[in-house]
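Number of protein chains: 2
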Amino acid sequence: MKFVLGKSTTDILEITSSILFYAEKEAFSGVNKIADKVRRDIELVTDVYPNKIDDKENLGKYTVIYGTIGYSPILDELNNKKLINLSVLDGKREVYLFQLVESPLPGVECALVIAGGDKRGTIYGLFHLSELMGVSPLVDWSGVHPAKKAEVVLDKSCQIISKEPSVKYRGIFINDEWPAFGNWAKKNFGGINAECYEHVFELILRHKGNYLWPAMWASDFNLDGPGLKSAELADELGIVMSTSHHEPCMRSGEEYGKVRGKDSIYGDTWDFQSNREGIIRFWEDGLKRNKDFENVITMGMRGESDTAIMQNATLEENIQLVRDVLQVQNNLIKENVNTNLDQVPRQIVLFTEVEEFFYGNENTPGLIGDPELDGITLMLSDNNHGYTRTLPTEKMREHKGGYGMYYHMDMHGGAHSYQWVGSTYIPKVWEQMSMAYDYGVRDIWVVNVGDIGTQEFGISYFLNLAYDMEAMGATNPNNTVDFTKKWVEQQFKGAFEQKDLDDIALIMEKYTLMCERRKHEIMNDKVYHSVHFGEAENLLNESNWVINRCNDLKEKCPEYVYPGFYELIFYTAVGTANLMKTWVLASRNALYARQNRMEANLLADEISKCIAYDRSITEELHTLDNHKFYGFGLSEHFGFTQWCEDDNKYPLRIYAEPANHPRIIVAKSDSEQYNIGKHWIGNRMKFDDFLRPDVDSIQLEIACGSKEPIQYRITTECPWLNFSKDLGETSVKDIVKVSVDRSKLKGKEEGIFYVEGSDDAKVIITVEADKPDLSSYEPMTFVEYDGYIAMEADHYAAKGAAGGADFVKLSPYGRTGVAMKVYPSAADFMEAEERPWLEYHFVTNKDGIYDVAFYMAPSTPVDNEQNMYIGTQINEGAVNINNTVWDTSTRYFTSHQWGQEAHNTIKIYNKKMECKKGVNVLRFYNVSPNISLERIVLHAEAVKLLESYLGPKESFFCK
Amino acid sequence: MKFVLGKSTTDILEITSSILFYAEKEAFSGVNKIADKVRRDIELVTDVYPNKIDDKENLGKYTVIYGTIGYSPILDELNNKKLINLSVLDGKREVYLFQLVESPLPGVECALVIAGGDKRGTIYGLFHLSELMGVSPLVDWSGVHPAKKAEVVLDKSCQIISKEPSVKYRGIFINDEWPAFGNWAKKNFGGINAECYEHVFELILRHKGNYLWPAMWASDFNLDGPGLKSAELADELGIVMSTSHHEPCMRSGEEYGKVRGKDSIYGDTWDFQSNREGIIRFWEDGLKRNKDFENVITMGMRGESDTAIMQNATLEENIQLVRDVLQVQNNLIKENVNTNLDQVPRQIVLFTEVEEFFYGNENTPGLIGDPELDGITLMLSDNNHGYTRTLPTEKMREHKGGYGMYYHMDMHGGAHSYQWVGSTYIPKVWEQMSMAYDYGVRDIWVVNVGDIGTQEFGISYFLNLAYDMEAMGATNPNNTVDFTKKWVEQQFKGAFEQKDLDDIALIMEKYTLMCERRKHEIMNDKVYHSVHFGEAENLLNESNWVINRCNDLKEKCPEYVYPGFYELIFYTAVGTANLMKTWVLASRNALYARQNRMEANLLADEISKCIAYDRSITEELHTLDNHKFYGFGLSEHFGFTQWCEDDNKYPLRIYAEPANHPRIIVAKSDSEQYNIGKHWIGNRMKFDDFLRPDVDSIQLEIACGSKEPIQYRITTECPWLNFSKDLGETSVKDIVKVSVDRSKLKGKEEGIFYVEGSDDAKVIITVEADKPDLSSYEPMTFVEYDGYIAMEADHYAAKGAAGGADFVKLSPYGRTGVAMKVYPSAADFMEAEERPWLEYHFVTNKDGIYDVAFYMAPSTPVDNEQNMYIGTQINEGAVNINNTVWDTSTRYFTSHQWGQEAHNTIKIYNKKMECKKGVNVLRFYNVSPNISLERIVLHAEAVKLLESYLGPKESFFCK
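In order, the protein sequence lines correspond to chains A and B.
So that you can map any letter, position 209 of the first sequence is 209 in the numbering used here, and since no number is skipped, the others follow by simple counting.
So that you can map any letter, position 116 of the second sequence is 116 in the numbering used here, and since no number is skipped, the others follow by simple counting.
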């Protein structure tokens, strides 16, 4: 086994076991600690644990030299010798130089030099070596060990000067940490202490993050280290600590409860008016305690336990109170931390009521522009569900201190909680966060990741994006498929063959898309229609594919990545797919039970098995690898009926009693209608599927509703109807494919077939079929069948740019895979004369009013005015500009519309439009920013569209 | 063992085994056959089978002499000797003289003389002897054997001259006879033949009926005897045969199918226009064949299989066609049966479209008054559900031929079928049929009794009523409780002790009331609300009482009445109660499953058991007594979803998955609201039951929703609240009685109690209580609580008569036990100045508009104008006259209102009325006939009344 630093035709450097790390005494202790981790990484890859020395005189033939400008004599020496050029790092944050240097020092044939412009630059540089060796940033956290290598080769081409991160502070928020994170920490480290946090810090740093809001539900970062140990360690390792949105002055929300009291110097009320002195002292002591560490200090004040600061007061009183608080806090910081406030990173989070205090209203000016906010980063936030809320207007972007974003990948709150396994759909993260960046939100990005465990994929994407907007930002849409592939390879390259790696990426895409469509917690048997448009069937098939493929992969999975595979992929994906499947089965169980199908009873049994399976895979997660992941599956995840898990309910299992006489139940697979073939109650059915030119077959179900199995026979004299089967017996159900032979059709025709069955049942089925001549229509012309026209947004017939902006196709994106959105994303066309547009062509069967539904991403207004306008135009009609916001008199966030859109992950704007028989032209104009059009569905006013979640299947269109 | 004919202090006649029946040669053979049956009855009672002799010279010391005037020399002789007086029978139908005569003939010490004025008079007289001995009219049919007696005593007091029956033809219709009656006959007699019919005839005769419409679904009375045997036997035994409403000229509907054909002399089309000659010949041959028997000939014509006679024709064309048919038929009868048409009993049934032909419409005069109808009994009918439809107006009553009624106790048709066990609620039969009688419907009463089996109780009542209107008619309301007791004693006196007999009567009342409220077939889990107002709980308790009591009685039941007990009582009552129970369990199962109560799963298991029990009691019915009742349980009876049994569905069984953490579920027994005691989703409840002065306690349920059992503790500081239990643990549920101690109340107060449970659950319950001073209110003043006022009709404060008519309380009657109806029933007050009224007093809490619902029996308009008016008046307001018919433009029968009322057995008329705070006076005026007021329920417009089937519990009223 050997470790090779560099190899090229002209210049090969081989180091066997003799490789050394030079751990300078002058280096940051944190940097040396990171170097130790990198040495461990080398051991994981090569089985050789490199030594370190601190004696410059005895450096080895092959040495890794690392350090930070200003804290490394050896770097200065090499720089002075012009062997390296440190000046490239000047004035930049968190950058490093990474290069091979031949014979830099006596006795050293070749050195790998990692020079950081600052502490974190060095650390990122060190971890860059791990990455180059194929070590995952999750090596420690998720236990995905790298594949062993006989040799690791670096040649001169490895030389880089790293980029400066795009966003200044990039981090995570551990939140809602019980029962998962808390139990995990307790089991593995005895508590949420420094030992535990070391892993969190490492996770962040390996992802080139730098920022953390620590857990705060029932723990105190500054007390539980024990003591300040966690804070000290964070500072040592270069983690910038902050606190959550409602915990000012580096003290956690829980801390006050511990020190308050009748006789306490801090008083006994969390009230800035009645206990001003006590509160100020409380804050001051927090600032004093943590002033030596690298922090971003939270400013402002809220009520206890994340509630509003002052109830029953006017807006003006509230604003004045917050202004007072800010003044006091700024003064405390000047007195205790740094007289130059500009050198003290501070933030205020414009969350819930604070947002209103910031903007004010018509009568009351808000805090916006207040000098006390000067230099404070204004933290905006998303709508709890991954869509940004207000973003800075052009004018606001001038604010000194800039803007941050508090984003959610986990939520314990409204509109609904989602706290189980990672459910982040990264195309949305890209779309929303790249837009936020374009709007100037560039100073702090912090993401609530709940318990961290199982959220790693989303964390990776978020921190990567924050680090490198040049490569992954708005100029590079649709980068998530590539990212996913690379991420999967980062974890498992070498452990699986390429086909399997590709499938793992697909699994991640599929399962997170399931979550994007509907979060685990609020999935239930009523979400997807059990049969209409096959949407439940598709989900079932996808779920089964994920479950089966994951189980195949699990079988193959090498032991050294097994824990990571299980936690990152298997548990999240299979857990999700199994949950979705369970609800689909429940939905069918309910429908089929109501129809008296005996199949219902098998489904009920299967539901039980699915629930048991959910428990068993959680059990494996919790015991795996010496309970490394214990607790991460503990969150309730089935059947939320409230905003949180209280009173959640698993699916019901419904059993039907068999009929006393043989009963045949005939139905199309995608329809709730069924027929038992009894004359007196009506034994006729009519199918018109074959009127649609691209439908050649339909699926017929012949199900048993009785104790006794049923026999059936299918007969017809229709020459153009074929059946995959025409005779059978079943005690559950048979599926018969009924297909049309259009070559035998003369035009629009009706055929009849009969399903005769036990107990003299006879179902008489009329089938309409057509082979229309569509040659007169232009390509991309949709044709109405089945009473509706459904068009995916990217199937426009034409589009037009305006004002330097144009629609861009986003894919994968949204519930149904695609959307059209205008870039640059901050462009607003409300006042513009020309606007970007999309044009759709479709043929309707009749003149008349049509109900048109525009399906859009459930985004929220970017301004504080509750406006999201779209423009629409039918045929030669006028362009209508409509606000998609239902009620502009109430704040969008927490509005009914917000809640509904958050549940369904879709914004649907309905409009009546007058269509004419024949070809119609529908234009969609971009007006307000932040609109992503996914689909358009229309149907004649009198037609009642079948219920569904995702909407009807796309209609046929001419190609 | 001895048989004693007569015994008194002065005059005792003892006959031991030597008793003789004198079977005169001159007697009707049928009469002698009946005498044989009576001899068998004597044997059943005494174990002695009396001999018969036909030799007048050797009559025994004690002889039963029976005969029919004109066919009995011995009666003539006794009459001539003035030993009896036959003249009392002169000119009367179906009467008999029944008396003891001392030494009537040489060698005869004492004779029992039974002298009939006609054949049926004699037969009824003979069976009168059986009845006096305690032999049930069901002795043969249901196998209820009489108790053995050491002696049977008749003394002079037994002498009677029987009354003339009130209704001329009194009979039944065997209909919808598959699968039950048909299988029964096939199993026991090889078919629906003379052997089978003999039992039917006996059943009718023993009930003093005389009339039959035979089975006609797939059988021919005149062909299957074999041959004419059934018809001959009917005639011999004095049964007047007829045919159902659409089978003219004594030929069954099926017959034509057997003789039609290309080359048939009857042609091949059931069409009076295109095959006039063939049809006429068909009818003529029928008339010739059956002319020697006693018949009521059905006139008119309908289409095949009970459909309209002529589709696609105008009303006038149809009427003309029917007129033509009648003329032809009358002529055929004159030619082939009797030239004097007045001597030929004929009927026409005004069913479905024929009703319209009879009445005509605005533009087209109907058949009414047509000379061809002269002498033909016009058969009216009920609405398929036991409520008469049009009744003869005063003018119509002059029609020569009179009126008949085709009534239903079994239905295969709309609004819904009911064909399983007897479900007739006899108070309704009394109310509707006594009214029909008062309206002049006195010539024919025929009741569709489906399969006969299990319908015996209803048959008995119907035929008794038809026989004796003097004793049981309109002048004697509320006779059904007595009737039921007597009927039970008729079957089981001696077999059970009196308490048990009383309970059997109660069982019959209770189970038929269940059916009255909702027929078996259309009962389901959505009918009664699972918890509101305890209506489902009450039904469950009633059902359990019936099931348990019947099983006790079954244990005790002597073998000699066991078959009858099982068929008449046990199977019908337990079958009903078990069915009702099953659905109540299903309703609760669904509710509790949705609440995640583990109790739901036990209920689901119990539903399975109930369904199995239904099957097992049916199995016993079918095998009992050498399959005597085989088939009578075969009709589908669970979960009709259509008008007939096709696609019927048993209840679903729903299983809930236990929650992962201990979950306490707190609810009031009568409320769907529940609370799991979790702060973040709301853990407060409020109960206001104690505001109602007559409510002292409420029932609290503490249920388990989790795998683990739950512990709970109830605490309070409220001095006036008491708990039957304040600590417990359960894995299903505990019931805690919460009671108020009003002596500790100061007035209206609020108390709080806490239910604390596992997993830190805490439910905070506020209880309102009051002890209002109601002394200022008059007796019979209702007081609003719980948002509504519900008043039973008989709890009026005052009432007034008018025009010789007054409200009479009917009880038991209707869904909730009582109704008020005006008698004489044919009185119409539409044009009257004074109308009978009822006055209700109630106190409301607020001024304002109230929704007032008048609950009435689901009767139908007696005229052909779709009018059923009621009058209402609130306080000093005007009297409003409103039509309770929703849509007067359509025929009531088959209207939507008819269907809904038939399902729910209630007519609800809603009206908005302005009430004032304080005492209000509401008057209800009788306007149209046939209205029975059951309840009045009102609530403020803004109050949403809790869902229920029977409506809210009656409100508190001052006594």
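Backbone N, C-alpha and C define an ideal beta-carbon position, used for all residues, glycine too.
For B/D646, the chain A residues whose C-beta falls within less than 7 angstroms of its own C-beta are I676, K678, W680, I681, listed in chain order.
B/V45 and B/Q490 have their alpha carbons spaced roughly 13 angstroms apart. Within the same chain, L380, A436, Y439, V441, V862 come within 7 angstroms of A/L391 by CB-CB distance, once the 5 residues on both sides are set aside.
Cβ contact annotation for B/G575 (same chain, cutoff 7 angstroms, sequence separation greater than five): V421, D614, I617, in chain order.
Taking a beta-carbon distance threshold of 8 angstroms, A/L591 does not count as an interface residue toward chain B.
By the criterion of at least three beta-carbon pairs nearer than 8 angstroms, the region 814-828 of chain A is not in contact with the region 342-353 of chain A.
Looking at the DSSP output, A/V822 shares a beta bridge with A/F807.
Taking B/K649 as reference, the option from A/R120, A/A659, A/R40 with the minimal CA-CA separation is A/A659. Distances from the CA of B/M868 to each of B/G360, B/T905, B/V927, B/P772 were compared; the closest alpha carbon is that of B/V927. Within the same chain, T844, Y850 come within 6 angstroms of A/C915 by CB-CB distance, once the 5 residues on both sides are set aside. Of the other Cβ atoms in all chains shown, 16 or more fall within 10 Å of the Cβ of B/A234; this residue is therefore buried. B/G267 and A/G677 have their alpha carbons spaced roughly 33 angstroms apart.
Only buried fits A/M514, as 16 or more other CB atoms lie within 10 angstroms of its CB. Contact of A/Y407 with chain B by beta-carbon distance below 8 angstroms is absent, the smallest such distance being about 24 angstroms. With a 10 Å radius around the Cβ and a threshold of 16 neighbouring Cβ atoms, B/P836 comes out buried.
As DSSP reads the structure, A/K52 sits in a beta bridge with A/F21. Three or more Cβ pairs closer than 8 angstroms define a contact, and the region 74-87 of chain A falls short of that threshold against the region 139-151 of chain A.
Taking a beta-carbon distance threshold of 8 angstroms, A/Y655 counts as an interface residue toward chain B.
Rounded to the nearest angstrom, the gap between the Cα atoms of B/A790 and B/R518 is 21 angstroms. If you ignore the 5 residues before and after A/H679, its C-beta comes within less than 8 angstroms of the C-beta of K762, all in its own chain and listed in chain order.
Assignment of B/H128 by DSSP, reduced to helix, strand and coil, places it in the helix class. Of all residues in the region 171-203 of chain B, none places a beta-carbon less than 9 angstroms from a beta-carbon of chain A.
At least 8 angstroms separates the beta-carbon of B/I452 from that of B/V135. Look at the region 604-678 of chain B and you find these whole runs of beta strand (DSSP E), each 3 residues long or longer: 653-655, 664-668.
Annotated as proximal: A/C550 and A/A573, with beta-carbon spacing under 8 angstroms. Between B/S166 and B/V38, the CB-CB gap reaches or exceeds 8 angstroms.
The residues T298, M299, G300, L326, V354, L373, I376, T377, L378, M379, in chain order, have a CB closer than 8 angstroms to that of A/I348 in the same chain once the five nearest residues on each side in sequence are set aside. Taken through DSSP and simplified to helix, strand or coil, B/Q327 comes out as helix. Taking the Cβ atoms as the reference, B/A902 lies roughly 7 angstroms from B/N383, within the contact range of under 8 angstroms. Residue contact check for A/Q311 against chain B: no CB pair falls below 8 angstroms.
When DSSP states are grouped into helix, strand and coil, A/M830 belongs to the coil group. Listed by position along chain A, the residues whose Cβ is nearer than 8 angstroms to that of B/E636 are N660. In the three-state reduction of the DSSP assignment, A/N464 falls in the helix class, which pools H, G and I.
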